[in-house]
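A.B. asks: In short: position in the sequence shown from 1, add 178, done, that's our numbering.
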Amino acid sequence: MDYGETIERIYQQLLLEKNYGQVAGYIPELATVDSEKFGVCLIDRRNHCYSAGDWQEQFSIQSIIKVVTLSLAYQKLDAQLWQRVGVEPSGTPFNNLSRLEHDYGIPRNPFSNAGAIVVCDVLMELFSDPREVVITMLRTLAADEDIHFTRAIAESEKSEGYRNMALAYFMKSMGNIKHEVEDVLDFYFDVCSIAVNCEQLARIFMYLAKHGRSADDRHSYLSRGQAKRINAIMLTCGFYDEAGDFAFRVGLPGKSGVGGGIVAVMPGEFSLSVWSPRLNEKGNSYRGLRFLEHFTDATEQTIF
Ligand code: GLU
179 MDYGETIERI
189 YQQLLLEKNY
199 GQVAGYIPEL
209 ATVDSEKFGV
219 CLIDRRNHCY
229 SAGDWQEQFS
239 IQSIIKVVTL
249 SLAYQKLDAQ
259 LWQRVGVEPS
269 GTPFNNLSRL
279 EHDYGIPRNP
289 FSNAGAIVVC
299 DVLMELFSDP
309 REVVITMLRT
319 LAADEDIHFT
329 RAIAESEKSE
339 GYRNMALAYF
349 MKSMGNIKHE
359 VEDVLDFYFD
369 VCSIAVNCEQ
379 LARIFMYLAK
389 HGRSADDRHS
399 YLSRGQAKRI
409 NAIMLTCGFY
419 DEAGDFAFRV
429 GLPGKSGVGG
439 GIVAVMPGEF
449 SLSVWSPRLN
459 EKGNSYRGLR
469 FLEHFTDATE
479 QTIF
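#1: On the three-pair Cβ rule with 8 Å, is the stretch 223–242 touching the stretch 255–266?
#2: Going by beta-carbon coordinates alone, are P455 and G435 separated by less than 8 Å?
#3: Can you tell me whether DSSP reads W260 as helix, strand or coil?
#4: By the 10 Å Cβ neighbour count, where 16 or more other Cβ atoms means buried, how is M315 classified, buried or exposed?
#5: So, at 7 Å on beta carbons, what are the nonlocal neighbours of K215 in its own chain, with the 5 sequence-adjacent residues on each side left out?
#6: Take A344 and list the residues in its own chain whose beta-carbon comes closer than 8 Å to its own, dropping the five residues that flank it on each side.
#7: Buried or exposed: R492, going by 16 or more other Cβ atoms within 10 Å of its Cβ?
#8: State the DSSP-derived secondary structure class of V441, mapped to helix, strand or coil.
#9: When the Cα atoms are used, what is the spatial distance from T270 to E377?
#10: Could you please give the first and the last residue of the uninterrupted alpha helix (DSSP H) stretch that includes K388?
#11: I'd like the list of long-range same chain contacts for A330, defined as Cβ closer than 7 Å, with 5 residues on each side in sequence excluded.
#12: I'd like the span of the beta strand (DSSP E) that includes I221, first residue to last.
#13: With distance defined between alpha-carbon atoms, name the residue in A405, A202 and C219 nearest to V211.
#14: If you measure from the CB of E360, is any heavy atom of the ligand GLU nearer than 7 Å?
#15: Find out if the Cβ-Cβ distance for the pair C415, P308 is shorter than 8 Å.
#16: For the stretch 345–355 and the stretch 416–431, state whether three or more C-beta atom pairs, one from each stretch, are separated by less than 8 Å.
#17: Do A251 and Y189 count as a contact pair if the criterion is CB distance below 8 Å?
#18: Determine the contact status of R468 and L220, defining contact as a CB-CB distance below 8 Å.
#19: Measuring only the C-alpha atoms, how far is N197 from I372?
#20: Leaving aside the five residues before and after V265 along the sequence, list all residues of the same chain whose C-beta is less than 7 Å from its C-beta, in chain order.
#21: Just mark L400 as buried or exposed, buried being the case when its beta carbon has 16 or more other beta carbons within 10 Å.
#22: When you compare only the Cα positions, how much space is there between I243 and F426?
#23: Helix, strand or coil for F469 per DSSP?
#24: Between N462, L194 and V297, which lies nearest to L363 when the distance is taken from Cα to Cα?
#25: Where are the beta strand (DSSP E) runs, 3 residues long or more, that stay fully inside the stretch 264–345, in chain order?
#26: In terms of residues, what are the limits of the alpha helix (DSSP H) holding F448?
#27: Which value, in whole angstroms, describes the spacing of the CA atoms of R341 and D180?
#28: Using the DSSP secondary-structure output, state which residues sit across from K433 in a beta bridge.
#29: Compare the Cα-Cα distances from K433 to each of S213, A209 and V245 and report the closest residue.
#30: Going by the CB atoms, is the gap between I185 and S334 shorter than 8 Å?
#31: Look at T480 and G446 and say whether their C-beta atoms are less than 8 Å apart.
#32: Can you round the beta-carbon distance between L278 and F348 to whole angstroms, since I take them to be within the 8 Å contact cut?
#33: Pull up the distance between the alpha-carbon of F482 and that of N409, whole angstroms please.
Written out as structure tokens, the structure is:
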């Protein structure tokens, strides 16, 4: 299928529509981003690339990195990982505290902040230099060395990261964080700060469209069964407490981040990324969601 024309048509249509929502303000450095940026990129199974708008400009990956860190931990520990973090949707915002207390410090799923912080703690146990492992995986999957941590974003988040500190200290008190809380959070803020553009993001996520293998087919990161399960967690937990709405409107596994990025995957077919920094009240890109809904309606490429 030639996706280029459909992408361009929906892109132009959305540019004419009013854009809603707010740029994430709770991380001061993210609040400085131009709210009207809008980029799209799709990589298909033949490795063809279709793009529109600001697709070459880098933005903060934020929570989308949680899929990559989870994949690294899952690749090593397989089912053992689920002793530390669950796979159920939480139905609560990404930084919710009360649920964690109720669950004795075992986060409901790896895409809540608590869950992602536990996964960071696991990676610190598994690798002597986990930052290097994460950035190398991204660069290898994207076949592009120009992917880096953004110090200013990590420091900005750290300066206001009280909620994540509360989550991490609570889990430490329950025995589910093994390293020093400060070290785990530094690692967590660092991986959230990584900058990617739409093309890099779409290329990276091809491993979930290709059942564990990279877009260029040269590297294998997950078994088929593991890729199936990560896609299932994206479908059920990838959009905070809006995961049901995303499945209903878009019908693909995906993950969003408060930097305004969303990536969605059609297993066996493509990986599609959208970036638009204005977030709806649930923390997901307003225009990104609209784009993806129109796209799957127009192409009928959905898992349902
Ligand atoms: N670094 C952000 C936080 O911990 C990630 C949130 C997100 O993108 O959902 O609050």
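For each residue, glycine too, the CB sits at the ideal point set by N, CA and C. Bear in mind that the values here come from a model prediction, so they are computed numbers and not experimental data.
C.D. replies: On the basis of the supplied data:
#1: no
#2: no
#3: helix
#4: The residue in question, M315, is buried, as its Cβ has 16 or more Cβ neighbours within 10 Å.
#5: D232, E235, W453, S454 and P455
#6: Shown here for A344: same chain residues with a beta carbon closer than 8 Å to its own, the five before and five after excluded, namely L275 in chain order.
#7: An answer regarding residue 492 cannot be provided, because it is not within the stretch 179 to 482 covered by the chain.
#8: strand
#9: 31 Å
#10: Per DSSP, K388 belongs to no alpha helix (DSSP H) and is neither H nor E.
#11: E207
#12: G217 to D222
#13: When each option's Cα is compared against that of V211, the closest is A202.
#14: no
#15: no
#16: no
#17: no
#18: The answer is no: Cβ separation not under 8 Å.
#19: 26 Å
#20: N287 and I411
#21: buried
#22: When rounded, the separation of the alpha-carbon atoms in I243 and F426 is 24 Å.
#23: helix
#24: V297
#25: none
#26: No alpha helix (DSSP H) contains F448, which is instead part of the beta strand (DSSP E) from F448 to W453.
#27: 45 Å
#28: V441
#29: V245
#30: No. Outside cutoff.
#31: no
#32: 6 Å
#33: Looking at the backbone, the Cα of F482 and that of N409 are separated by about 14 Å.
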